[in-house]
Structures are given as C-alpha cells and as structure tokens.
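Trainee: Pasting in a structure now, in structure tokens, and then I'll have a few things to ask.
Residue numbers (the working numbering): 1 to 255.
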C-alpha cells in the first residue's frame, strides 16, 4: 500500500513538472505571453492570454477648418449723433480741401489753350514739326516706331513682299513740341503711317516634346514660326487738332 502511494506521488510530481517544462518551451517560441498560474496541473493544460499590445493603423484626420461665419462677429451698432460729432472735424477738413482743389476755368485759360492749338495746327499745316514718333499696334503687340525703323512681326502676315501698307491702329504720335494721344486710337485723318514689307521668313526649328512617365507616352513636334519684316517709310500728321466734326470714324466704312 505504501509503495502504491509512493508511486502515485511521484506520478503527481511528474504531472506538475512536465507541463511547466512544456510551458517554458512554448513561451520561447510563441510571441504571446504564457501564464503558468493558469495551468491545470492535474490535466496538463494551459491557457494563453491575449497579447499585451496590438498595432493599429489610425489615419490622421485634420481638424475641420473654421469658416468666417464661425468666428465671433463684431456687433454692428447704428450710427448715432455722437458718431457724427466725432467725424465732423474730418468732414470739415475734406470740404476745405475740395474747395481749394476745385479749379474753375477762366477766360485766360481758354485763351492760352486756343493759342496752343493754333500753334500746333500751324506746324501741322507747314510740316515744320520735325521728326515724329508713334506707337502702333500690330498683331496684338505695341511697337514704338519712327521713320526708317525696321520692326519684326510674328505671325502669318497677309501682305506679300514689296507691298506698301498703311498702319491704322495708332495709339500715340508725338514730336519734340507736342504729343497726340488717342482715346484709344487716333483717327485716320490725324496720322498717316506707311510701311513696306521687305522680307517674310521662318524662324529656326523649335522642338516641342511631351512625355508622361510610366505611361508609355512620348510626343515630339517640330515647327517654325513665321516672321515678317516691315520698314517704316514715313509718319505724317495730316489732320488739325481741336476741331469737332459732325461724324467721325465713318470714313471708308460700308454699312
């Protein structure tokens, strides 16, 4: 009987030691932690607890933007007599400034302006105004020109080589003594500008290359821009200044 009890006790010890050794081996290879206190010594089973930390991907959400309506708005108060009294000194200063800057045209001013117009018309009639410069608009670009200048125009210019043309879009014309400014253009009866087409050619070859990476997309184009060279022959002032007409700007027009 005693031997039987001794054998049973050794078997019980073995049953308690064997699960602990198995637990240590499992804890070395298993990423989860093992708690031996939760084992069943009589059966040799153990339980695994959930890992202490888990990785979770969280997308960053920026805080919502505040609208101007969410901001605190100042209180709007109606304008009262006290506000008007506070602004009254500034209003008086503005009235004094306006009264000083308000200039009335006198008879002396009219006489001086008439004399200036008379001298300008005299120079135009006698052609004694000297060298004239002008600002013209051709193909959407502005050029400041004078006599014997050569300008380069980019684009398909219809006139052929050797043809004499008249530049009608004149924004400004001036001499050493006076300047005529258009609003926005000067009339045909004021300024006459003639030019000659001396050459029409093409530019050097321009390469236009487009590519989209990782899309197997490549395009290459070659082109040459057309150019026209104009020589300014003459710039003349042909019309009188400060003369009001019944109809203006209707010359050479078909309705």
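Cβ atoms here follow ideal geometry from the backbone N, Cα and C, with glycine treated the same way.
State the start and end residues of the unbroken beta strand (DSSP E) segment that holds residue 233.
Mentor: Here residue 233 is taken as the residue at index 233 of the chain shown, counted from 1. From DSSP, the beta strand (DSSP E) with residue 233 extends over 226-237.
Trainee: Which same chain residues, not among the five before or five after residue 211, have their C-beta less than 7 Å away from its C-beta?
Mentor: One-based indexing of the chain shown puts residue 211 at position 211. Taken in chain order, the residues that qualify are 217, 218.
Trainee: Quick one: what's got a C-beta closer than 8 Å to residue 179's C-beta in the same chain, skipping five residues either side?
Mentor: The residue you call residue 179 lines up with position 179 of the chain shown. Excluding residues within five positions, the ones whose Cβ falls inside 8 Å are 172, 173.
Trainee: Here's a check: name, in chain order, each residue in its chain whose Cβ is nearer than 6 Å to the Cβ of residue 165, leaving out the five neighbours to either side.
Mentor: Sequence index remark: in the chain shown, residue 165 carries index 165 (1-based). Here the set comprises 159, 195.
Trainee: Decide if residue 71 is buried, meaning its Cβ has at least 16 other Cβ atoms within 10 Å, or exposed.
Mentor: Counting from one through the chain shown, the residue named residue 71 turns up at place 71. Exposed, because fewer than 16 other Cβ atoms sit within 10 Å of the Cβ of residue 71.
Trainee: In chain order, what residues of the same chain lie with their CB nearer than 6 Å to the CB of residue 155, ignoring the 5 residues before and after it?
Mentor: Numbered from its first residue, the chain shown carries residue 155 at position 155. So the list reads 139, once near-sequence residues are dropped.
Trainee: Please report the distance separating the alpha-carbon of residue 92 from that of residue 75.
Mentor: Stepping through the chain shown from its first residue, residue 92 is reached at position 92. Stepping through the chain shown from its first residue, residue 75 is reached at position 75. Those two C-alpha atoms are separated by around 29 Å.
Trainee: Would the beta-carbon of residue 237 fall within 8 Å of that of residue 190?
Mentor: Walking along the chain shown from the start, residue 237 turns up at place 237. Walking along the chain shown from the start, residue 190 turns up at place 190. In this structure, residue 190 lies closer than 8 Å to residue 237 by Cβ.
Trainee: Is it true that the CB of residue 127 sits closer than 8 Å to the CB of residue 157?
Mentor: By 1-based counting over the chain shown, the position of residue 157 is 157. By 1-based counting over the chain shown, the position of residue 127 is 127. No. Outside cutoff.
Trainee: Please classify residue 111: does DSSP put it in a helix, a strand, or coil?
Mentor: Numbered from its first residue, the chain shown carries residue 111 at position 111. Helix.
Trainee: Measuring alpha carbon to alpha carbon, tell me which residue in 67, 145, 58 is nearest residue 192.
Mentor: Along the chain shown, read from residue 1 onward, the residue named residue 192 stands at position 192. Nearest option by C-alpha distance: 145.
Trainee: Determine the burial state of residue 198: buried for a count of at least 16 other Cβ atoms within 10 Å of its Cβ, exposed for fewer.
Mentor: By one-based count along the chain shown, residue 198 stands at place 198. Under this definition residue 198 is an exposed residue.
Trainee: Mapping DSSP to helix, strand and coil, what is residue 60?
Mentor: The sequence position of residue 60 within the chain shown is 60, counting from 1. Residue 60: coil per DSSP, three-state reduction.
Trainee: To the nearest angstrom, how far is it from the Cα of residue 45 to the Cα of residue 57?
Mentor: For the purposes of this step, residue 45 is taken as the residue at position 45 of the chain shown. For the purposes of this step, residue 57 is taken as the residue at position 57 of the chain shown. Any reading at residue 45 needs caution, since the residue's pLDDT is 47, under 50, leaving its predicted position unreliable; the model's value is listed next. Those two C-alpha atoms are separated by around 35 Å.
Trainee: Name the one or two DSSP bridge partners that residue 137 has.
Mentor: Here residue 137 is taken as the residue at index 137 of the chain shown, counted from 1. 142, per the DSSP bridge assignment.
Trainee: What do you reckon, are the CB atoms on residue 130 and residue 175 nearer than 8 Å?
Mentor: Locating residue 130 in the chain shown gives position 130, counting from the first residue. Locating residue 175 in the chain shown gives position 175, counting from the first residue. Their beta carbons are under 8 Å apart, which means residue 130 touches residue 175 by this criterion.
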